[in-house]
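Residue numbers (the working numbering), protein chains in the order written: chain A, 1 to 252; chain B, 253 to 505. Shown next, in structure tokens, is the structure this report addresses.
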């Protein structure tokens, strides 16, 4: 990786789906090593489309995406998918193997790891999310919060440089939500978190960008973004009743 | 969400039968069933021998008989058919428990019942002593990889899909719908269609998630426990007993 360069650089990214629907209109975003950034935006703003570009599932119609200096393109897809760990919204989509340990091993095994090295990766990743004792369980016997944590472990096992979370707090009860926040905070890794859970963004991410109608319309400290009433109203972002970002305590 | 292991047919335990590699048990089951089916149908004592051998295996597995007995209900359609046979078959008539029935039908019914019961009981014993994951691992390398992958997915998503079906039914019933007449069937058809579309979409999302973790067409191995000669010889005891009783029955006939 280039010293000092951004871990993730998205330049003038535009994309239209094959049916003609244009989802992204020139997105620019640079994320430095170790940052935790929230991508905020209403439903249909293009958040998921953006995420699918970060590891090359979707190919840029125009513009480019670079991860650690490496352009996201066909010849580097394997390395790109190692560097970018994508955690999908529904853990049942992500966990498809018969047991938790098999599932966590899936990614690193695709990278060519075998034997002891593979087992060590699996154990470490499960320990990072506090699920080591569930290794032999089938995923459908876990609670939703536990499944989401295992989904995070499945990409941590690939030793990614950037962790991309799509709506990490959706469907979680408050305790699972806090547990997941503790885990994310404990990781020494760059995090990009797509969400419309604004308090969660404020709690976890010092920086936030607002994606609306396929464009980045704001980029700044999360608290400043959330306090900008005009901006928030213009892009269908609403704080939950009774929540005031000015008085909410932020944890570092 | 239970904290249980395995699937509904699995009985958690640590007996020799539980520890035996899945591939040995699978092959043993296959040979056992073939031997039972090949037994001539009038030699009822041969079925008795098979049943005895199978009960020894059940005893070794420490799976309670009541546990297996309850799950034998899957056999019901065969039982109904076997009971009907003596009455609907034609040919020579005979007396059985004071009722005049077809002699051929009676023989066929009894042997069908015996064969089905032995087969189902042996299958249940395999399911009770083997985790689904181990079964898949046992099949790996013996079946084409794509088939094993499809089976793995099926096991994983069976519960997810049946849960979805259950939620859709509850939502239907909460709005006052109970299917009682054929004119309600279109609604059930729509529900099945909706479930299909949802499962199809889930399939696409699962595929994306797999690609994101570097999937390139083959699943990494499930690393099964390798079966030793000793495992094989122990596993073959049951089918050997069944094969011997089938041969003896042919010879006695």
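Backbone N, C-alpha and C define an ideal beta-carbon position, used for all residues, glycine too.
Residue i - containing alpha helix (DSSP H), residue span
i	result
residue 155 of chain A	144-156
residue 169 of chain A	No alpha helix (DSSP H) holds residue 169 of chain A; DSSP gives it neither H nor E.
residue 451 of chain B	437-464
residue 300 of chain B	296-313
residue 159 of chain A	From DSSP, residue 159 of chain A is part of no alpha helix (DSSP H); its letter is neither H nor E.
residue 232 of chain A	229-234
residue 5 of chain A	That residue, residue 5 of chain A, is in no alpha helix (DSSP H); it is neither H nor E in DSSP.
residue 496 of chain B	489-504
residue 263 of chain B	Residue 263 of chain B -> no alpha helix (DSSP H), and no H or E assigned at all.
residue 307 of chain A	Lying before the first or after the last residue shown, residue 307 of chain A is absent from chain A, which here runs from 1 to 252.
residue 110 of chain A	100-110
residue 332 of chain B	328-340
residue 116 of chain A	115-128
Span of the beta strand (DSSP E), counted from its first residue to its last, around residue i
i	result
residue 15 of chain A	8-16
residue 354 of chain B	351-354
residue 62 of chain A	62-67
residue 85 of chain A	84-87
For residue i, the residue or residues it bridges with in DSSP
i	result
residue 25 of chain A	A/14
residue 193 of chain A	A/38 and A/165
residue 346 of chain B	B/353
residue 216 of chain A	A/211
residue 392 of chain B	B/395
residue 30 of chain A	A/9
residue 221 of chain A	A/207
residue 70 of chain A	A/67
Presumed contact (8 Å Cβ cut-off) between residue i and residue j, rounded CB distance
i	j	result
residue 302 of chain B	residue 315 of chain B	That belief does not hold up - the Cβ atoms of residue 302 of chain B and residue 315 of chain B are roughly 18 Å apart, past 8 Å.
residue 501 of chain B	residue 291 of chain B	5 Å
residue 40 of chain A	residue 237 of chain A	6 Å
residue 26 of chain A	residue 63 of chain A	7 Å
residue 388 of chain B	residue 400 of chain B	6 Å
residue 192 of chain A	residue 8 of chain A	7 Å
residue 262 of chain B	residue 379 of chain B	7 Å
residue 507 of chain B	residue 97 of chain A	Shown here, chain B extends from 253 to 505; a query on residue 507 of chain B therefore has no answer.
residue 216 of chain A	residue 29 of chain A	6 Å
residue 106 of chain A	residue 166 of chain A	Not confirmed; about 19 Å, so no contact.
residue 151 of chain A	residue 91 of chain A	4 Å
residue 194 of chain A	residue 139 of chain A	That pair is no contact at about 23 Å.
Length of the line joining the Cα atoms of residue i and residue j
i	j	result
residue 268 of chain A	residue 395 of chain B	Since the first residue shown for chain A is 1 and the last is 252, residue 268 of chain A is missing from the structure and cannot be characterised.
residue 433 of chain B	residue 421 of chain B	16 Å
residue 240 of chain A	residue 199 of chain A	8 Å
residue 153 of chain A	residue 335 of chain B	55 Å
residue 76 of chain A	residue 275 of chain B	39 Å
residue 312 of chain B	residue 85 of chain A	47 Å
residue 164 of chain A	residue 129 of chain A	16 Å
residue 462 of chain B	residue 94 of chain A	7 Å
residue 213 of chain A	residue 23 of chain A	7 Å
residue 328 of chain B	residue 460 of chain B	42 Å
residue 226 of chain A	residue 242 of chain A	14 Å
residue 471 of chain B	residue 377 of chain B	29 Å
residue 337 of chain B	residue 497 of chain B	26 Å
residue 114 of chain A	residue 487 of chain B	30 Å
residue 362 of chain B	residue 279 of chain B	27 Å
residue 417 of chain B	residue 136 of chain A	27 Å
residue 218 of chain A	residue 230 of chain A	12 Å
residue 121 of chain A	residue 160 of chain A	12 Å
residue 204 of chain A	residue 36 of chain A	7 Å
residue 499 of chain B	residue 482 of chain B	25 Å
residue 71 of chain A	residue 57 of chain A	13 Å
residue 356 of chain B	residue 344 of chain B	7 Å
residue 267 of chain B	residue 439 of chain B	48 Å
residue 127 of chain A	residue 322 of chain B	40 Å
residue 367 of chain B	residue 485 of chain B	25 Å
residue 384 of chain B	residue 407 of chain B	8 Å
residue 228 of chain A	residue 260 of chain B	54 Å
residue 364 of chain B	residue 330 of chain B	8 Å
Residue i burial status per 10 Å Cβ neighbour count (16 or more: buried)
i	result
residue 5 of chain A	exposed
residue 354 of chain B	buried
residue 1 of chain A	Low confidence applies here, because residue 1 of chain A scores a pLDDT of 44, under 50, leaving its location unreliable; read the following figure in that light. With fewer than 16 Cβ atoms within 10 Å of its Cβ, residue 1 of chain A is classed as exposed.
residue 131 of chain A	buried
residue 258 of chain B	Any reading at residue 258 of chain B is ruled out, since the residue's pLDDT is 48, under 50, leaving its predicted position unreliable.
residue 168 of chain A	buried
residue 108 of chain A	buried
residue 158 of chain A	buried
residue 402 of chain B	exposed
residue 392 of chain B	buried
residue 209 of chain A	buried
Interface partners of residue i on chain E, CB under 7 Å
i	result
residue 98 of chain A	Judged by its chain identifiers, the structure shown contains no chain E, and its protein chains are A and B.
Check: residue i C-beta below 8 Å from any heavy atom of the ligand SAM
i	result
residue 487 of chain B	As for the ligand SAM, it is missing from this structure, which has no ligand bound.
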